[in-house]
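Its first residue numbered 121, the sequence shown is counted upward by one per residue in the working numbering. Note that CB positions come from ideal geometry on N, CA and C, so glycine has one too. These figures come from a predicted structure and were not determined experimentally.
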Amino acid sequence: MSIILTSEPQDRQFSSPRKNVKRVVSSMSFNLSQPAIEFERISVNTLDELDVKAITSPMTTQQTTDEQDLLTGHFGEEFVYKYLIWKYRDEQEICVEWLNDSGESYQPYDILVKKGDLPVQHIEVKTTTMSDQHTFQISVAEIEQMLNLSNYVIYRVYSLSNNPSICVINDIRHNLRDTRQLGLLMTIKPVLNR
121 MSIILTSEPQ DRQFSSPRKN VKRVVSSMSF NLSQPAIEFE RISVNTLDEL
171 DVKAITSPMT TQQTTDEQDL LTGHFGEEFV YKYLIWKYRD EQEICVEWLN
221 DSGESYQPYD ILVKKGDLPV QHIEVKTTTM SDQHTFQISV AEIEQMLNLS
271 NYVIYRVYSL SNNPSICVIN DIRHNLRDTR QLGLLMTIKP VLNR
C-alpha cells in the first residue's frame, strides 16, 4: 500500500454525461470539500545547532536496491531521532526512544516520544532521497496503528542526502476519513517466475 499527500485543486474534475456525477481525473486527485490543510514542514538546514552533516548514508553502487532502501530508511530514522533529541533538549520530562537503533524491531512505528503522564506519541519514519516523492509504502500493521492510535504520526523525510527536510503528517485518521487530505493506494506487485 502507498499513502499519498495531495492538495489537488477542485478544478481537476469534469462532469460525466450523467447528470450531477463528477469523476476524478487522476487516481491521485481527490475532491476536496474542505480547504487544504498544511502539514508541519521543517527545513532542517535552518537549525544551526543540529548537525545535519553528521548523518550521511554510505550508499555504494554495489548495493542492491533493497539494501539501499534499508539503509535509507535506517538513516532517515536516525535523522528524525536526532532531530527530536535536539527539539526536546531543554525538556527534562520528555524521553525519545528509537526502537530500531540496534536492529529492526518489526514494530509498526520507529520512535516513541514519552511526555510524563501524556499518551505516548508513536512515530513512523518514511524516508526518500528525493525532494518530490510523496508516495511511500505502508504495512497493514502501520495502517491498523494509524487508524487506532490518536497519537500516531508519520515523519516523511525528503532529500536525505542533500538539503533534507521533514513533513510531519499528524491526525492521520481524521485526514484520511474526514478531510481527505491523505489517500491510500494499493499496488499490484508482479510475481516473479519460479
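Residue i (DSSP reduced to helix, strand or coil)
i      : result
Arg209 : coil
Tyr278 : strand
Gln257 : strand
Leu219 : coil
Leu305 : strand
Gln72  : Outside the shown range of the chain (121 to 314) lies residue 72, about which nothing can therefore be said.
Leu190 : helix
Val200 : helix
Arg300 : coil
Whole-angstrom C-beta distance between residue j and residue i, which should lie under 8 Å
i      : j      : result
Ile274 : Lys246 : 6 Å
Thr185 : Leu280 : Actually they do not touch by this definition, with Cβ atoms about 16 Å apart.
CB of residue i within 8 Å of CB of residue j, strictly
i      : j      : result
Gln227 : Val233 : no
Val277 : Val216 : no
Val76  : Tyr208 : This structure cannot speak to residue 76, because the chain is shown only from 121 to 314.
Met266 : Ile292 : yes
Thr235 : Ile214 : The amino acid at residue 235 is misidentified as Thr; the sequence shows Lys. Result yes, Cβ atoms of Lys235 and Ile214 sit closer than 8 Å.
Leu219 : Asp230 : yes
Phe195 : Cys287 : no
According to DSSP, residues forming a beta bridge with residue i
i      : result
Ile243 : Ile231 and Val273
Ser163 : Ser285
Ile214 : Lys235
Span separating the alpha-carbon of residue i from that of residue j
i      : j      : result
Leu221 : Asn271 : It should be noted that the sequence gives Asp, not Leu, for residue 221. Approximately 21 Å between the Cα atoms of the pair.
Asn84  : Gln212 : This structure cannot settle anything about residue 84, because the visible part of the chain is limited to 121 through 314.
Pro284 : Thr248 : 9 Å
Val311 : Leu305 : 19 Å
Leu152 : His294 : Note on Leu152: pLDDT 45, under 50, position unreliable in the model; no value is reported.
Ala261 : Asn268 : 11 Å
Glu197 : Glu187 : 15 Å
His254 : Lys309 : 19 Å
Asp189 : Asn290 : 24 Å
Arg161 : Thr307 : 27 Å
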